[in-house]
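The sequence shown lines up with residues 0 to 142 when you count with numbering that gives the first Met the number 0.
For every residue, glycine included, the Cβ atom is placed at its ideal position computed from N, Cα and C.
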Amino acid sequence: MTQVQNGDNVHLHYTGTLRDGTTFDSSDGRDPLAFEVGSGQIIPGLDTAIPGMVVGDKKTVEVACTDAYGPINPEARQAIPREGIPDDIPLELGTQLQMQGPDGQVLPVVIVEVDEATVTLDANHPLAGQDLFFAIELVAINP
């Protein structure tokens, strides 16, 4: 049987969970995820687990945070003056906003703290700092 190699285009079904078993993403009920192995299109820890698999293989992969979305970066949190936030923006914890970086790139942020003077925004990926677990099934290989 043909084994996956770097550069192959593959299709796989997956369920991603956290250490406590909470599902954070899944292809269940959707088309399988399609990507080129080794191209950097998915997190590194999952990408390196695919080579050697054959169609029909199933396995569980543990991906350390350093090979997923990285550790939490304290510098990605910033307290800004409340008056810097437009009045029509709700200042509730967990509210997701978009900011524009100095290069014009859109940056998703989440409100993580609010006090009388400041609003603290967090630009870390929501899964930063977390080890991830994936149950995967390889459904197709296109060399």
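Secondary structure note for Pro43: its alpha helix (DSSP H) is the uninterrupted segment 43 to 46. Contact check for Leu32 against Ser26 passes: the beta carbons are separated by less than 8 Å.
Of all alpha-carbon atoms in Ile135, Asp7, Gly93, the one lying nearest the alpha-carbon of Val113 is that of Gly93. Gly28 and Val62 have their C-alpha atoms roughly 24 Å apart.
Look at Glu91 here: in three-state DSSP terms it is coil, with no helix or strand label. Counting the other Cβ atoms within 10 Å of the Cβ of Gly83 gives fewer than 16, which makes it exposed. Assignment of Asp7 by DSSP, reduced to helix, strand and coil, places it in the coil class.
In the three-state reduction of the DSSP assignment, Pro85 falls in the coil class. For Asp66, the three-state secondary structure derived from DSSP is helix.
Non-local beta-carbon contacts of Thr1 in its own chain, meaning distances under 8 Å to residues more than five positions away in sequence, involve Val53, Val54, Ile140, Pro142 in chain order. In the three-state reduction of the DSSP assignment, Ala127 falls in the coil class.
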